[in-house]
Amino acid sequence: MPVFRVVVFVCCMALSLNAKSAEILISTENTADHFQAIFLEDFAKALNSSISEHKFRVVHSAQAFKDRDVAEALSSGRIAIAAPGIWHLGRFAPDLNALLLPSFMGLDSQAVRELVDNDFGVRLNHAIEKNLNVRVIGRWLDLGPAHIFTREASVNHFDDLRGLRIRYAGGEGNALHLKELGAIPVLIPWPNVPEALDRKEIDGLLTTTSTVVSAALWEHGIAHAFLSHSYYPFYMPLMSQDIWARLSPTVRETILRTWEEMVDEGRKQAITHQQASLITAAQNNVEIVAPDEAERSHQRLDLLRHQVDLAKTIGISKEALNTLTQIAGEK
Numbered sequence: 039m040p041v042f043r044v045v046v047f048v049c050c051m052a053l054s055l056n057a058k059s060a061e062i063l064i065s066t067e068n069t070a071d072h073f074q075a076i077f078l079e080d081f082a083k084a085l086n087s088s089i090s091e092h093k094f095r096v097v098h099s100a101q102a103f104k105d106r107d108v109a110e111a112l113s114s115g116r117i118a119i120a121a122p123g124i125w126h127l128g129r130f131a132p133d134l135n136a137l138l139l140p141s142f143m144g145l146d147s148q149a150v151r152e153l154v155d156n157d158f159g160v161r162l163n164h165a166i167e168k169n170l171n172v173r174v175i176g177r178w179l180d181l182g183p184a185h186i187f188t189r190e191a192s193v194n195h196f197d198d199l200r201g202l203r204i205r206y207a208g209g210e211g212n213a214l215h216l217k218e219l220g221a222i223p224v225l226i227p228w229p230n231v232p233e234a235l236d237r238k239e240i241d242g243l244l245t246t247t248s249t250v251v252s253a254a255l256w257e258h259g260i261a262h263a264f265l266s267h268s269y270y271p272f273y274m275p276l277m278s279q280d281i282w283a284r285l286s287p288t289v290r291e292t293i294l295r296t297w298e299e300m301v302d303e304g305r306k307q308a309i310t311h312q313q314a315s316l317i318t319a320a321q322n323n324v325e326i327v328a329p330d331e332a333e334r335s336h337q338r339l340d341l342l343r344h345q346v347d348l349a350k351t352i353g354i355s356k357e358a359l360n361t362l363t364q365i366a367g368e369k
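Residues 39 to 369 in the working numbering are what the sequence shown lists, from first letter to last.
And the structure:
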């Protein structure tokens, strides 16, 4: 068993035996320079300043778990807190995959937040809590719009994606979306992406500019950015229900209150970081292409023709489908 897994196991065991003096670990697969890891560090610091009986600590760079595995780790109490991307959680609550489908392509942050902060998001939270033995500790944290980044192939139009091997982080909706664009979706965990690029196993990836910059992926061959606005990813803040149940009511309330006090500023920082990351990428010779609104709208409408079939393929409920239809009709 790797050393870091032993640390996680021992810490969580300590919590189960003595909830008054436990170290509570927060897992992320992102590097320490990534926006989300920085936000989680700030969250841990805020908790440590308010809660004396526990020590909150962030474990970054997948030293504890890759995000594709962290949901099960939370469910079984092997890690206390994590904020995996929604693209990793659709297999536990299929309606989450709705957020990866064409209706959401190109929507701005405010439009998507209004959806996930209200009834639709509440239903998704309840589904995750029911199916995973976790507690959603607050509103979701933005990551920012997801685009397509490539190595040698310069993508100037959506048609240029045909035949390219594009890595995606997870989510059946993302895989089907890429297939509809003519690309070949390749599922690779984030920690393995630099090596996959170095080995030329993929031609590019679907991700955000902040994520590209956090790992300096131009050092691994990324030379082009196509601002496709494919979907709008969020991180869902989760805590193991088993560990949550062992905390005092005061500590629980502090965790919820602290996240709520921080999340709006965190969302603003996410957008600012994405914008700044575009500049950083360009400064490192990443060519940036932005399709015009007419092309993006045309591509979205073309994909919408297949949306009902895509949604049924991945088990999205009729209720969620109705929500998608409303969004498609309004935009």
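All C-beta atoms in this analysis are idealised placements derived from N, C-alpha and C, irrespective of residue type, glycine included.
Assuming contact is defined by CB atoms lying nearer than 8 angstroms, are residue i and residue j in contact in what I supplied?
i	j	result
ARG203	ILE240	yes
THR246	GLY182	yes
ALA308	PHE103	no
TRP256	ASN194	no
SER248	HIS311	yes
SER268	HIS215	yes
PHE94	ILE62	yes
VAL251	SER315	yes
GLY115	ASP330	no
ARG189	LEU235	yes
SER278	VAL172	yes
TRP228	PHE81	no
ALA349	ALA131	no
ILE222	GLY201	yes
LEU179	ARG295	no
Pick out whichever of the options has its Cα sitting closest to the Cα of residue i.
i	options	result
ALA75	ASP236, PHE94, SER99	SER99
GLY144	GLU61, LEU348, GLU333	GLU333
GLY176	LYS306, MET300, ALA358	MET300
GLY353	THR249, ARG200, GLY128	GLY128
ALA120	VAL224, SER355, PHE272	PHE272
ASP340	PHE196, LYS238, PRO227	PHE196
ILE293	LEU78, ALA349, GLU67, TYR269	LEU78
ALA213	GLU91, VAL289, SER335, HIS126	HIS126
ALA109	TRP297, ILE260, LEU170	LEU170
ARG151	LEU359, SER65, ASP302, HIS336	ASP302
SER87	VAL289, VAL346, GLU210	VAL289
ALA70	SER113, GLU233, VAL97	VAL97
GLN101	ILE222, LEU112, SER65	SER65
LYS168	ASN360, ALA84, ALA221, SER113	SER113
SER192	ALA263, GLU233, LEU243, PRO223	ALA263
TYR270	GLU67, GLU291, THR361, GLY123	GLY123
ASN68	GLU91, ALA60, ARG106	ARG106
For my contact list, residue i and residue j are in at a C-beta cut-off of 8 angstroms; report their separation, rounded to the angstrom.
i	j	result
ARG284	PRO140	No, ARG284 and PRO140 are not in contact; Cβ-Cβ is about 43 angstroms, not under 8 angstroms.
VAL160	MET274	Contact doesn't hold; Cβ gap of about 13 angstroms is too wide.
TYR206	LEU225	6 angstroms
LEU265	ILE326	7 angstroms
LEU162	LEU138	Actually they are not in contact, since the Cβ atoms of LEU162 and LEU138 sit about 13 angstroms apart, beyond 8 angstroms.
THR361	PHE158	6 angstroms
Where do the ends of the alpha helix (DSSP H) carrying residue i lie?
i	result
MET300	287–321
THR188	Unbroken run through THR188 is the beta strand (DSSP E), 184–188; no alpha helix (DSSP H).
GLU325	No alpha helix (DSSP H) holds GLU325; the beta strand (DSSP E) holding it covers 325–327.
VAL172	Per DSSP, VAL172 belongs to no alpha helix (DSSP H); it is in the beta strand (DSSP E), 172–174.
PRO232	231–236
ARG338	331–342
ASN86	73–88
Could you pull the start and end residues of the beta strand (DSSP E) that residue i belongs to?
i	result
HIS262	262–269
GLU61	61–65
So what's residue i in DSSP terms, helix, strand or just coil?
i	result
ARG95	strand
LEU55	Low per-residue confidence applies at LEU55: pLDDT is 39, beneath 50, and the placement is therefore not dependable enough to give any value.
THR361	helix
ALA349	helix
LYS356	helix
PRO223	strand
LEU181	coil
ARG200	coil
THR249	helix
PHE272	strand
SER278	strand
GLY242	strand
GLY123	strand
LYS205	This sequence places Arg at residue 205; Lys is not what is there. Of the three classes helix, strand and coil, the one that applies to ARG205 here is strand, per DSSP.
LEU145	coil
LYS369	Its pLDDT being 45, under 50, LYS369 is placed unreliably by the model, and the measurement read from it follows with that caveat. Of the three classes helix, strand and coil, the one that applies to LYS369 here is coil, per DSSP.
MET39	Caution is warranted here: a pLDDT of 34 is assigned to MET39, below 50, making its placement in the model unreliable, and no coordinate value can be reported.
GLN101	coil
ASN135	helix
GLY211	helix
HIS258	helix
GLY115	coil
VAL150	helix
GLY128	coil
VAL193	coil
ASP157	helix
ASN68	coil
Under 7 angstroms from any heavy atom of the ligand MN, does the C-beta of residue i make it?
i	result
ASP107	What this structure holds is no ligand at all, so the ligand MN is not there to describe.
So is residue i in contact with chain D if we call contact Cβ pairs under 8 angstroms?
i	result
VAL193	Any reference to chain D falls outside this structure, which holds one protein chain only.
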